[in-house]
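Residue numbers (our numbering): 3 to 279.
Beta carbons: idealized from backbone N, C-alpha and C, even for Gly.
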């Protein structure tokens with residue numbers, strides 16, 4: 003029996019994913035089908051003879067169901083996400099790395115040679131691993147309170163062959179005072195914003211990595227209070243949400259950082275506050 007032409011399979015998937023309210027139904031469908039068939043998205047478009055047949059039919063149907071009915075993020079369905087130059091394994095043990103978080107890496111590329119760097123709340127290990135990939139001279143450690151997240155980070159480190167140390171810790175509690183720079187993409191979503199989040203985030207990504215009190219700044223306040231007592235830390239860089247930069251900048255000044263600036267992401271949002279002393 004002849005299989006289904008790729009165009010027909012895609013059209014059906016796009017209709018189902020769009021009806022579910024997903025923002026990028028065509029891209030989602032193409033990524034899922036390309037993964038199932040083991041081809042590039044470009045080939046889906048140019049190869050008119052390509053068919054969806056055999057076990058691929060059910061596999062694709064299941065992937066579309068997960069996306070449309072369960073609203074599972076495409077990255078979790080595929081089990082991977084690109085970040086900087088890396089292809090990271092991702093799953094619900096940690097947040098999906100976002101493009102805006104790459105700004106943390108860009109800021110850290112300017113650190114002095116041989117600096118010891120701690121990535122607090124490392125999750126999948128994205129920031130620590132990307133920085134090690136691009137600045138192999140830096141001594142990187144990634145920490146997280148979640149053992150599950152650390153297991154995923156270790157997996158990524160081993161698979162990519164990048165030498166990063168991993169540490170279970172609640173922010174800086176019991177963490178050795180041996181770091182020159184601290185980077186973090188901490189939880190920064192306000193509890194009041196919970197209802198406004200997309201189902202992909204609310205249903206599938208770990209809530210402990212998202213929410214941080216009434217205004218979303220509980221984790222950042224605690225981290226900067228701990229950094230204030232560590233004179234060795236010369237640089238701190240924190241990712242935050244839209245509109246939070248003025249308050250976080252004040253917190254950084256209060257923690258003893260003489261120079262504080264906010265770096266904007268590609269959308270023009272003040273996304274990373276950097277303190278230096």
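Top-ranked residue by Cα proximity to residue i, from the options
i	options	result
residue 227	256, 239, 120	256
residue 271	102, 23, 45	102
residue 244	234, 275, 66	275
residue 172	86, 260, 225	225
residue 28	41, 38, 14	14
residue 131	89, 214, 35, 178	89
residue 154	141, 136, 137, 127	127
residue 10	51, 158, 80	51
residue 56	7, 86, 85	7
residue 280	16, 32, 60	Since the first and last residues shown for the chain are 3 and 279, residue 280 lies out of range.
Assigned exposure category for residue i - 16 Cβ within 10 Å defines buried
i	result
residue 26	exposed
residue 21	exposed
residue 64	exposed
residue 19	buried
residue 3	Confidence is the limiting factor: at residue 3 the pLDDT is only 47, short of 50, which leaves the residue's position unreliable and the question unanswerable from this model.
residue 24	buried
residue 44	exposed
residue 30	buried
residue 77	buried
Cβ shell of residue i (< 8 Å), same chain only, five flanking positions each side left out
i	result
residue 211	96, 97, 123, 125, 148, 151, 189
residue 161	91
residue 207	75, 94, 97, 98
Cβ pair residue i, residue j closer than 8 Å
i	j	result
residue 187	residue 108	no
residue 247	residue 221	no
residue 292	residue 183	Because the chain spans 3 through 279 in this model, residue 292 falls outside it and cannot be assessed.
residue 192	residue 217	yes
residue 121	residue 129	yes
residue 39	residue 5	no
residue 73	residue 252	no
residue 249	residue 219	yes
residue 46	residue 80	no
residue 209	residue 177	no
Distance cut-off 7 Å: residue i Cβ against heavy atoms of the ligand MN
i	result
residue 113	This structure simply doesn't include the ligand MN, nor any ligand for that matter.
Contacts around residue i, its chain only, beta-carbon distance under 7 Å, and the 5 residues preceding and following it disregarded
i	result
residue 258	230, 279
Presumed contact (8 Å Cβ cut-off) between residue i and residue j, rounded CB distance
i	j	result
residue 169	residue 143	6 Å
residue 181	residue 119	7 Å
residue 133	residue 117	About 10 Å; that fails the 8 Å criterion.
residue 267	residue 105	5 Å
residue 239	residue 185	5 Å
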